[in-house]
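Reviewing the structure listed below.
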Amino acid sequence: YPSLEGKTYVVMGVINQRSIAWGIARALDAAGASLAFTYVGERFKAPLEKLGQELSRPASYYTCDVTSDEEINQVFQTIHADHGKISGIAHSIAFADKEALRGEFSDVTREQFAQALDISAFSLTAVVKAAKDFFTEDASVITLTYLGGEKMVPNYNVMGVAKAALDASVRYLAAEYGKQGVRVNAISAGPIRTVSAKGVGDFNSILESIEERAPLHRNVTTEQIGHSGLFLLSQMSSGVTGEILHVDSGFHIL
Ligand code: 0WD
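Numbering (my numbering), first residue to last: 63 to 316.
Right under this line is the structure:
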């Protein structure tokens, strides 16, 4: 592992031990980083703190619902006050109404569309902007995206549109924040059984098709995403920005 000792990373979107963000947190922890977790509402706090006890050093915990600009701005000010400069952020947040993640794409309502895009795409820009003045000179930001933003994946529907917006946001943010040395990249993860994934219709057949057809014929693990996250969040990837790194057993080449 590269050494991240003395550095603070913000991890947004751990809800349980299956969360992709938890895989990233574990890799950052193994590399020596100090972690600041954000969670979406009070009921998520206690389970997250319990999970955090598995880490090698004490972490800190902050509430932040990304639908609120006020909460986003506040949380980064508080994290900066508690930890000093921020070396990186793992944004691992998405949401869409379950009803929109099955059936025909065009049945999506205006409200479902706006909510999915707000939480799953706009939030990255809001987060990076709120952290702007608190980044170290070599800070790195990652977000989690999915192939459904590049290609039609059955049932992924409005979340595919949100991921396309997220992918484009990564490129625009990389160009803008590159001026201050900050890098912005995405990991396009293969399917992993998490709470969010349960919302996607017929998710099992997506998992099965990876085993059948992906070059590596196996599904990815949160540990594998964590290792790639550590690469992108550390100076091991200092020449990489605006990139979508597919960690998907090679499925996207098909
Ligand atoms: O197959 C998968 N699981 C893949 C997930 C494949 C490729 C990408 N991803 C993405 C997701 O789209 C998401 O962006 O990875 C990211 C993390 O997802 P996850 O680890 O699969 O899911 P989960 O453990 O549920 O964490 C996502 C969390 C939310 O969970 P719920 O289930 O409550 O929606 O995002 C957080 C919340 O903790 N979240 C919010 N955080 C702040 N403010 C908000 C919000 N308004 N809404 C949801």
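Glycine is no exception: its CB is placed at the ideal position from the N, C-alpha and C atoms.
### Task
Using a threshold of 7 Å, state whether the C-beta atoms of ILE181 and PHE157 are closer than that.
Cβ distance < 7 Å, so ILE181 and PHE157 count as in contact.
### Task
Would you kindly check if the distance between the Cβ of ALA224 and the Cβ of ALA188 is under 7 Å?
no
### Task
Consider the C-beta atom of GLY146 and the heavy atoms of the ligand 0WD; say whether any pair is separated by less than 6 Å.
no
### Task
Report the rounded CA-to-CA distance for GLY301 versus ILE86, giving the unit in angstroms.
20 Å
### Query
Between the C-alpha atoms of GLU111 and GLY240, what's the straight-line distance to the nearest angstrom?
34 Å
### Task
Please report the residue range of the beta strand (DSSP E) in which ASP200 lies.
197-207
#### Entry: Quiz: which residues have CB nearer than 5 Å to the ligand 0WD non-hydrogen atoms
GLY75, ILE77, SER81, ILE82, VAL102, ASP127, VAL128, THR129, SER154, ILE155, ALA156, PHE157, ILE181, LEU206, TYR208, ALA251, PRO253, ILE254, THR256, VAL257, SER258 and ALA259
#### Entry: Beta-carbon contacts of ALA276 that lie in its chain and below 6 Å, excluding the five residues immediately before and after
Once the five neighbours on either side are set aside, the close Cβ partners of ALA276 are SER311, GLY312 and PHE313.
### Task
Drop a sphere of 10 angstroms on the beta-carbon of TYR234, count the other beta-carbons inside from all chains shown, and report buried for 16 or more, exposed for fewer.
TYR234 comes out exposed.
#### Entry: Pairwise C-alpha distance: LEU97 and GLU161
35 Å
### Task
Could you tell me if ARG245 is buried or exposed, where buried requires 16 or more neighbouring beta carbons within 10 angstroms of its beta carbon?
buried
### Query
In three-state DSSP terms, what is PHE157?
coil
### Query
Quick one: Cα of ALA176 to Cα of MET221, how far?
11 Å
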